[in-house]
Each structure stands twice: as structure tokens, then as C-alpha cells.
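J.: Sharing a structure, written as C-alpha cells. Questions coming.
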RNA sequence: GCGCCUGUAGCUCAGCUGGAUAGAGCAACGGACUUCUAAUCCGUAGGCCAGGGGUUCGAAUCCCUUCAGGCGCGCCA
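In this note's numbering, the protein residues as written are 10 to 576.
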């Protein structure tokens, strides 16, 4: 991998033996204005160590640093040491590497085959898949791809919410207001309707809740009728979910949900007892976390039934035994942060040294016009509606601009769905999102369709050249500002992937793609690729175009988007 | 009350473990399609980086504090 910072850090380390290459890598930065240089060393920190003024240090280094074929010249400017890289070599090596590695450009093996369990999506059975569920799904899926790309082996787990008192409620609702015919006809919509009705009625008549609890207890005791209804509701939900996952092109390696751990929790409760971690309070059992400045972690309710934490602890131990993970990652809303901190601590107190491999990846809440979405109140925007809306809009744009496009239904799906996922992965995870139809259906500017369009544009140029791209281009003919900026951007992709992996932050890739697309479009707009007289310039620009196409495609795939060749 | 998160252009957001003149997109206005796909590009305008202290050669960035908003705090997940 051609890494300019790395090369420069080595150069400096030869001269300044008080700093290591790694430390220098940290200090080196990219100047705000490319006219100043390609890489800069601010000398203010060295000033104290070397007991000289920053200006003197920069001046001295500018004269004494060893020559390198990669560096054209070095300038000292008011305490900064600015490096100007040799563009010929830099562009040549960057493009060569991309053309050689193709789909593997940007990948690394830092994971060394270690296992990563990623727990994401996890919708609740019998509830509709709404826009709020998208975040966990899209972030988890992107992290899955990013970890695979950096040399890990991922296990994607969909920890379905398929157990709990809401099923008691649903059974009560079904028995009172539902019918087999209606459920078979309207599927999850009907389940949602009767669930909403249940909550309306329960407001007036709290005895319904007792009834619901009784049904759930029946489920736990293995009552046939209760379990058959539960299984039926579950099948209906899974059918709906897999339709949505197909649309999104997202897959899981395991669907072991909450019910999977029903028979595994007793042993864990026993283990907690043996390890003397449980205390009793008002009939419930809990782990006291007072000395860690946290409220206690509830393990068993007064009636002896289990809780969320019980299940999570059990699942973590199961996953450790089954997958021997390097990391187990939970992609859930930021509102659950305390819960995770609590039970991670319990795992630690149980004496498991792998407690520090459990990672919570929180994300912000999605709201509509300032209001939280609530299934119970029926106030939701269904993800499928959003996806279909986006696909429809894409299709109408295609009809207008490129009606002869082959396979337009599928391409419209790829772009429409891409617009929704891209928008979801645009901001830092932790930021709250206010859902807006206008924004999610906007295909201009920093959007998925923009990046996909740019990719297709590159593909179109390449196909007009019969995809004849070879390595025999002369990089000294690639001289314009736009070409150089594009090459620089391309060279940053591998470091960007690593950063996204370390920060568990897919938006880093998303934003990189926008920057890359912008750089390519500026290049494309300012310079002809095919219609240039000089055959060698043409070759160089085609190589640059091909390198862009590859990098855009690799990046899009990481965040879970397709890269259609035509749009 | 305690804890966590957020506050940057009219709106949505970038800004790396502190570095040179705070950047994009949307919206607005003005330009560019007989030429490789205009889902594009170029330009104009838009800022007391919530307020106040502090640390530093240097702060949007780190520390303290105030304010505003969001979320959480033993039998939901």
C-alpha cells in the first residue's frame, strides 16, 4: 500500500531519533490548502523536545532530510515543514495498485481471521418493521462488511424479539377481536391492528393485562394452544421480515432469537448464585452494582421469570462458547447504553476475562416531526413503504431520462433502496434523526443515487472505450489539478476503511464516497477522457476512471449498496 | 435529583488523538447540455462554532461551568 505519510515518517525518523515512526505518523497531517503541500509536519511539538524554535526546526529539516524519489521538494513555512510528493510516481503507484487489486482494493488482513459476532436488526415478532428498525440493520450490515474486508470472519446474528409478554397480549387480542381469515389475509397488518386495539382497550380495562400475563405464563409452561399461536405469529412475521431483508439485500448467519435461550438461562442463574453475585430485594434477584456507580442489574423478577439482562448474559456466554469471538458487537439504540454497561459488568464479575470484548455500538433515535414512533399507538412509518416509495421515484426518473434502460425494475430497486440506506448511514451513528420524506427522497447532492450515478458514469466512459484499460499509461501526462486531487482521494481509501472499522462508524465510508464522487465529477466535467488527441493522455485518464470505478464499487458494497453499471 | 448523549450557515451535517484562512450538501439566486449520461458541474450569498471561564505558542476540538434539547435511572426490551 502506498502510504505517503508512512514514507515521510520514515524519512524524518532517520533524522530525528527522539521520535518513532508511529509518533510521527500521528503528528503528520494534510494541509488545509493543497497549494501549501501534500503532507505537513507541524514542528511546534518538536520544539519542546529539541529545544529549538519551530521555525528553526522546519528550516533545518528542510535542508537536511534525505532525498527520496517520492518527494519532489520540501518547504519550510512558518513552523510547518511541507512536503510536495512526486506526482508521477504517486499517481502511477496508486493507480497500479487499484488496477491490480480490483475488488480487493482497500482490504487488509489486520483481523487475521479472528471471529466477530455482530448482533443487529433484531426486530420484534408480530410488530411491523418500521423505519426505526433500519438503523440497527443498516449499521450492523455495514460493520459486517467492513470487518470482513479487514480480515475478520463475521457471524451476523439476528437476535429476534420472539419471546415475552407482548405475545400474551397478542393472543388475548386475537382471541377477542381477531379471526383466522383476517390474519391469513392481512398478515402482519392485522396483527398490528389488533395489537393497537389491545392497548386502546387495556387503557379502559386493566384486567386485560392479567389475562395477557396468564397467556404468557401458559407459553412458558409449554401449553400447546399458546405455543401454536406463537409459532403462527412468528411464521407470519418472519415471512414479512425476509421479504424486507431481500429487498435490502441483507443476510444473517443466525436467527437465534430470544426464545432460543429459554432453556439455557437456568444454568446461568445457578452460576450467578454459585458465584455469590445475587442479592434479593423485594422478592427479586439482582446483581448489586453500587460500587460501580450503577443501579443494580435485575436477573429474576419476583415471580421468578427472567429479564432482558438474563437473556443477554446467557446469549453472550453461549456465543463465546460457540464462536470464540474476538469481539461481540451489539448494534442497538443509545437509549440502552446503561443496560449494556450493567450486564457487561456482570460478565466481568462472573470472572470472564473476555468481558472487555463485548462492545455496544449505540445509535441515535429516529423521530417523526419531533415525535417518537410508537407501535402501540399505531404511529409508525413502515420501512417497506419508504423503500417502495423510493423505488417508484427512481423508476419514474429512469422512465424520464433513460427509458430504454435494460432491467430497469432491478436497477430502480438498487438505487431506491440505496438512497434509503445511504441516507441512514450518512451521519454519525450517535446523532438523532428526524425522518423526512423530502430528505430521504432527495436524489441530489450527498446521496446514494449521486454516488451510484457517478459510478455508472465512469462505467459508461469505460464501456465506450471497450473497457480497454492497461498499465502502460504515462503518469507524467496526468498533470491537472483535478486529476491529481482524484488520485490523492483514491489513495486514501484503504486508510478510510481501517478508520471506519476502528471507530465502528460506517458513515466514514459514506462520506468518503461522496468526496470521491465529487472529485471524479470535477475531473469528468473539466477534462475529456475519450476525446483527447494524445493517445497517452487518453490512456492515463482511462486508467484513472477505471480506478475510480473500482474504488466507488468497493466502497458502495461496504455500506451495503449495489453499484449498477448503467442507470 | 443523578447519569449519558447532543448543540457548528436558514435546514441536514463534516471537521481525525488540539495546528495554517471553519468545510460540504439541501434550500435561494446567477450561469453551463449540437461535445464521454445535467441524478452533473461552476459561481454568489450565507458563521460570536449555544454562552462564560480556563489550559496552550495555538482551541470548533481538551478541562470547568451555565443554558437549551434528547435519552436513561431494580421487576419492558
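Virtual Cβ for every residue (Gly too), placed ideally from N, Cα, C.
Just so we're clear, the structure is a prediction, and the values are computed from it rather than from any experiment.
1) Kindly indicate which three-state DSSP category residue 298 falls into: helix, strand or coil?
2) Quick one: what does DSSP say residue 10 is sitting in, helix, strand or coil?
3) Return yes when the Cβ of residue 154 is within less than 8 angstroms of the Cβ of residue 122, no when it is not.
4) Could you give the residue range of the alpha helix (DSSP H) that holds residue 163?
5) If contacts are defined as beta-carbon pairs under 8 angstroms, then residue 389 and residue 168 qualify, I think. What distance do you get, rounded to the angstrom?
6) Quick check on residue 26: buried or exposed, where buried means 16 or more other Cβ atoms within 10 Å of its Cβ?
7) Please classify residue 293: does DSSP put it in a helix, a strand, or coil?
8) For residue 243, name the three-state secondary structure that DSSP assigns.
9) If distances are taken between C-alpha atoms only, which option among 470, 364, 556, 67 comes closest to residue 112?
10) Please name the residue, chosen from 144, 536, 33, 431, that lies closest to residue 553 on a Cα-to-Cα basis.
11) Does the region 408-416 touch the region 497-511, meaning 3 or more C-beta pairs lie closer than 8 angstroms?
12) Could you give the DSSP three-state label for residue 361: helix, strand or coil?
13) The beta strand (DSSP E) spanning residue 90 covers which residue range?
14) Could you give the distance in angstroms between the alpha-carbon of residue 397 and the alpha-carbon of residue 242?
15) Within 10 angstroms of its Cβ, does residue 238 collect 16 or more other Cβ (buried), or is it exposed?
16) If the criterion is Cβ atoms closer than 8 angstroms, does the pair residue 256 and residue 478 meet it?
17) In chain order, what residues of the same chain lie with their CB nearer than 8 angstroms to the CB of residue 29, ignoring the 5 residues before and after it?
18) So, residue 484 versus residue 549, is the Cβ gap smaller than 8 angstroms?
19) State buried or exposed for residue 304, treating a residue as buried only when at least 16 other CB atoms are found within 10 Å of its CB.
20) Determine the DSSP secondary structure at residue 449, reduced to helix, strand or coil.
21) Give the secondary structure of residue 413 by DSSP, where H, G and I count as helix, E and B as strand, and everything else as coil.
22) If we call anything under 8 angstroms between Cβ atoms a contact, is residue 266 one with residue 170?
23) What is the DSSP secondary structure of residue 306, reduced to helix, strand or coil?
24) Going by other Cβ atoms of all chains shown within 10 Å of its Cβ, with 16 needed for buried, is residue 251 buried or exposed?
25) Can you check DSSP and say which residues form a bridge with residue 52?
26) Given a threshold of 16 other Cβ atoms within 10 Å of its Cβ, counted over all protein chains shown, does residue 423 qualify as buried or as exposed?
27) Report the residue ranges of all alpha helix (DSSP H) runs contained in full by the region 463-503; include only those spanning at least 4 residues, in chain order.
28) Give me, in chain order, the residues of the same chain whose beta-carbon lies closer than 8 angstroms to that of residue 145; leave out the 5 immediate sequence neighbours on both sides.
29) For residue 142, which three-state DSSP category applies?
30) Spatial neighbours of residue 560 within its chain, please: C-beta separation below 8 angstroms, excluding the five flanking residues on both sides.
31) Taking 6 angstroms as the limit between beta carbons, can you name the residues of its chain near residue 528, skipping five residues before and five after?
32) Going by CA-CA distance only, name the one from 504, 419, 447, 443 that's closest to residue 573.
33) With distances taken between CB atoms, is the gap from residue 421 to residue 449 smaller than 8 angstroms?
34) In three-state DSSP terms, what is residue 455?
35) How long is the line joining the alpha carbons of residue 558 and residue 407, rounded to whole angstroms?
36) On a Cα-Cα basis, can you pick out the residue from 124, 188, 134 that is closest to residue 157?
T.: According to the data block:
1) By one-based count along the first chain, residue 298 stands at place 289. Correct three-state label for residue 298: coil.
2) Walking along the first chain from the start, residue 10 turns up at place 1. At residue 10 the pLDDT is 42, less than 50, meaning the model places this residue with poor confidence and gives no usable figure here.
3) The residue you call residue 122 lines up with position 113 of the first chain. The residue you call residue 154 lines up with position 145 of the first chain. The answer is no: Cβ separation not under 8 angstroms.
4) As a first step, residue 163 is located in the first chain; it is residue number 154 there, counting from the start. Counting along the chain, residue 163 falls outside any alpha helix (DSSP H), though it belongs to the beta strand (DSSP E) covering 162-166.
5) Within the first chain, residue 389 is the residue found at index 380, counting from 1. Within the first chain, residue 168 is the residue found at index 159, counting from 1. Rounded, the Cβ-Cβ distance is 21 angstroms, inconsistent with contact.
6) Working through the first chain from its first residue, we reach residue 26 at position 17. Residue 26 should be labelled exposed.
7) Here residue 293 corresponds to residue number 284 of the first chain, with the count starting at 1. Strand at residue 293.
8) Counted from its first residue, the first chain places residue 243 at position 234. It is helical.
9) Here the question's residue 112 lines up with position 103 in the first chain. Closest by alpha carbon: 556.
10) Walking along the first chain from the start, residue 553 turns up at place 544. Among 144, 536, 33, 431, the Cα nearest to that of residue 553 belongs to 536.
11) no
12) Translated into the one-based positions of the first chain, residue 361 becomes position 352. Three-state DSSP puts residue 361 in coil, outside helix and strand.
13) For this step, residue 90 is matched to residue 81 along the first chain. Note, residue 90: beta strand (DSSP E), 89-94.
14) Translated into positions along the first chain, residue 397 becomes position 388. Translated into positions along the first chain, residue 242 becomes position 233. So the two alpha carbons sit approximately 24 angstroms from each other.
15) Along the first chain, read from residue 1 onward, the residue named residue 238 stands at position 229. Buried is the call here.
16) The residue you call residue 256 lines up with position 247 of the first chain. The residue you call residue 478 lines up with position 469 of the first chain. In this structure, residue 478 does not lie closer than 8 angstroms to residue 256 by Cβ.
17) Locating residue 29 in the first chain gives position 20, counting from the first residue. Here the set comprises 22.
18) As a working note, residue 484 is residue 475 in the first chain. As a working note, residue 549 is residue 540 in the first chain. Yes. Within cutoff.
19) Taking the first chain and counting its residues from 1, the one referred to as residue 304 is at position 295. So residue 304 ends up on the exposed side.
20) Along the first chain, read from residue 1 onward, the residue named residue 449 stands at position 440. Residue 449: helix per DSSP, three-state reduction.
21) As a working mapping, residue 413 is identified with position 404 in the first chain. It is coil, neither helix nor strand.
22) Against the first chain, residue 266 aligns to sequence position 257. Against the first chain, residue 170 aligns to sequence position 161. Yes, they are a contact pair.
23) Translated into the one-based positions of the first chain, residue 306 becomes position 297. The answer is strand: DSSP assigns residue 306 an E or B state.
24) Taking the first chain and counting its residues from 1, one reaches residue 251 at position 242. Classification of residue 251: exposed, given that the 10 Å Cβ count is below 16.
25) Taking the first chain and counting its residues from 1, one reaches residue 52 at position 43. In DSSP, residue 52 forms no bridge with anything.
26) Translated into the one-based positions of the first chain, residue 423 becomes position 414. So residue 423 ends up on the buried side.
27) 490-500
28) For the purposes of this step, residue 145 is taken as residue 136 along the first chain, with counting starting at 1. Cβ within range, chain order: 129, 130, 131, 340, 341, 342, 372.
29) On the first chain, residue 142 is found 133 positions in, with the first residue counted as 1. If DSSP states are grouped into helix, strand and coil, residue 142 belongs with the helices.
30) Here residue 560 refers to the residue found at position 551 of the first chain. Cβ within range, chain order: 107, 114, 115, 499, 502, 525.
31) Here residue 528 corresponds to residue number 519 of the first chain, with the count starting at 1. The residues are 494, 495, 498.
32) Counting from 1 along the first chain, the entry for residue 573 is found at position 564. The shortest Cα separation from residue 573 among 504, 419, 447, 443 belongs to 419.
33) Locating residue 421 in the first chain gives position 412, where the first residue counts as 1. Locating residue 449 in the first chain gives position 440, where the first residue counts as 1. No, they are not a contact pair.
34) Mapped onto the first chain, residue 455 falls at position 446. If DSSP states are grouped into helix, strand and coil, residue 455 belongs with coil.
35) Position 549 of the first chain, counted from the start, is the residue given in the question as residue 558. Position 398 of the first chain, counted from the start, is the residue given in the question as residue 407. The straight-line gap from Cα to Cα measures roughly 21 angstroms.
36) Sequence index remark: in the first chain, residue 157 carries index 148 (1-based). The shortest C-alpha separation from residue 157 is found at 124.
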